[in-house]
Each structure stands twice: as C-alpha cells, then as structure tokens.
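Engineer: If you're matching positions, the sequence shown starts at 298 in our numbering and goes up one per residue. The beta carbon of each residue, even a glycine, is placed where N, CA and C say it ideally should be. Please see the structure below; I have some questions.
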Amino acid sequence: MPDGLPFSFAEMLARMQASDTTADGLFVTGVVTTGVYCRPSCPARKPKPENVVFFATVADAAATGLRACRRCRPDAHALGLDRDRDRFAAALDVLEADPAAVPDVSALAERVGVGVSTLHVLARRYAGTTPGELLHASRIRVAQRLLLAGAARASDVPFAVGYASESAFYRRFREVTGQTPAAFARNGRA
298 MPDGLPFSFA EMLARMQASD TTADGLFVTG VVTTGVYCRP SCPARKPKPE NVVFFATVAD
358 AAATGLRACR RCRPDAHALG LDRDRDRFAA ALDVLEADPA AVPDVSALAE RVGVGVSTLH
418 VLARRYAGTT PGELLHASRI RVAQRLLLAG AARASDVPFA VGYASESAFY RRFREVTGQT
478 PAAFARNGRA
C-alpha cells in the first residue's frame, strides 16, 4: 500500500471507478490531466487510470497544486459539510412546518432554492422516494396530529393540510392509514 493510504492502488482505482460512497473520506482521487482532486464517489466522468494519483487527505492533494472539484466538493465533505444534504433537510423542515403552504413540488423547490429536477435527485438520494410522495406523507402526518388533537373537524382537515379537495385527501389518507379520517380520530382518542 502507498504511504498513508488505506488500500492498494488497484483497490482505490476500483472503488473510484465504481463511485463507491463508502470510500469517501478514506482517500482522495487526483486527476493530473485536469488538475483536480475529487472524492472517490464523484459522479464526473472517470479518468484514465494512468492519469490518477491517490492522496490520503484533501490537504495532501491541494499541496501538490491540484484544486478541489466543483462537482463533488471534497473540501466541504472533509469538513463534514454536505450542501445537498442540507438542502434536503431544509425541504423536510418546510414540509413539516406547514405542508399547506406548499401547494406542489415546484413551490417546495422554490422555497428551498433548487430546481425541481434537483429536488427529485435529492429526494431519491436521501429518502428513496419522490418529492411528491414526501409532500403527501407530510400532509398526512400533520392531518393525523390535527385529528388526534381534536383541533379540527375531519371535514376541515383536508384544507388545513393543503389538499384542494376532500376526495383526494380521503383517498390518500385511507391508503396510508387504512381508515377514514373520522375513524382514525375516534380510534386514536379511544
């Protein structure tokens, strides 16, 4: 193994070519032809093996004159910062705070400061679902809290959580809980 590196060149190369996220933080990939260093999981096109140099840390890579990749941001990762994770967390915070204030996915994307397609990528990466499903799930969770607290009549809840029609709300609520909102409220308070 090279000095200070956890794996052989061949194993690091294989992990880099596979975009292995578990290797992030264990080593840094330097690409001499572009003058950039990246995380092993960088989604950019993979360089030829003869153009790759591996480093133990981002500081080692930067010391050779390479610059940080703008796509995978290895410096931010090394500091424990993840802009994408933070954006996704902000989207979840918006949904939990007031799902009724978010009429659709494009409004959620706008509130978080990303495009709709980026929001879809983030939702898939961090939750394994779509932003629309997250929006509906958030609305149903808030509806359940309202119903259990007795804060609203069952017929008022759909509009309080952001649904435009009672039928859409009742259908979704029944899919998620297996019961009507009124039955859920009765059974939950019993």
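(1) Suppose contacts are defined by Cβ-Cβ distances below 8 Å. Is phenylalanine 352 in contact with tyrosine 334 by that definition?
(2) Any heavy atom of the ligand SAH closer than 7 Å to the beta-carbon of threonine 319?
(3) Measuring alpha carbon to alpha carbon, tell me which of Leu419, Val329, Gly475 and Leu392 ends up nearest alanine 358.
(4) From which residue to which residue does the beta strand (DSSP E) around tyrosine 334 run?
(5) Assign leucine 376 to buried or exposed, taking buried as 16 or more other Cβ atoms, counted over all protein chains shown, within 10 Å of its Cβ.
(6) Are the segment 435-450 and the segment 400-412 in contact at 8 Å, needing three or more beta carbon pairs?
(7) Report all residues from its chain with a CB closer than 6 Å to the CB of phenylalanine 385; omit the five preceding and five following residues, and keep chain order.
(8) How many Å lie between alanine 360 and aspartate 381 at the Cα?
(9) Give every residue of the same chain whose Cβ lies closer than 8 Å to the Cβ of arginine 364, excluding the five residues on either side of it in the sequence, and list them in chain order.
(10) Out of curiosity, what's the CA-to-CA distance linking proline 337 and aspartate 383?
(11) Write down every uninterrupted run of the alpha helix (DSSP H) in the segment 387-449 whose length is 4 residues or greater and which is fully enclosed by it, in chain order.
(12) So the candidates are Leu389, Ala397 and Glu463; which of them puts its Cα closest to the Cα of threonine 427?
(13) Could you check what DSSP says for phenylalanine 352 in three-state terms: helix, strand or coil?
(14) Could you spell out where the beta strand (DSSP E) holding threonine 326 opens and where it closes?
(15) Thinking glycine 485 and alanine 397 are a contact (beta carbons under 8 Å), I'd like their distance in whole angstroms, please.
(16) Starting from leucine 310, trace the alpha helix (DSSP H) both ways and give me its first and last residue.
(17) For aspartate 321, list the residues DSSP reports as bridge partners.
(18) Assuming arginine 312 contacts alanine 341 (C-beta within less than 8 Å), just tell me the rounded distance between them.
(19) Work out the CA separation of cysteine 339 and alanine 465 for me, nearest whole Å.
(20) Starting from arginine 342, follow the alpha helix (DSSP H) in both directions and report where the run begins and ends.
Structural biologist: According to the structure shown:
(1) yes
(2) As presented, the structure is devoid of all ligands, the ligand SAH included, so that no description of it is given.
(3) If we check each option's Cα against that of alanine 358, Val329 comes out closest.
(4) 333-335
(5) exposed
(6) no
(7) If the five residues before and after phenylalanine 385 are omitted, its C-beta is found closer than 6 Å to the C-beta atoms of Leu419 and Tyr423, all from its own chain and listed in chain order.
(8) 27 Å
(9) Taken in chain order, the residues that qualify are Gly332, Val333 and Tyr334.
(10) If I take the Cα positions, the gap works out to 21 Å.
(11) 402-409, 413-424 and 428-446
(12) Leu389
(13) strand
(14) 325-328
(15) Not confirmed; about 21 Å, so no contact.
(16) Unbroken alpha helix (DSSP H) run through leucine 310: 306-314.
(17) Phe324
(18) Wrong, their Cβ atoms sit about 15 Å apart, outside the cutoff.
(19) Computed Cα separation, rounded: 41 Å.
(20) Premise fails: arginine 342 is in no alpha helix (DSSP H) and is neither H nor E.
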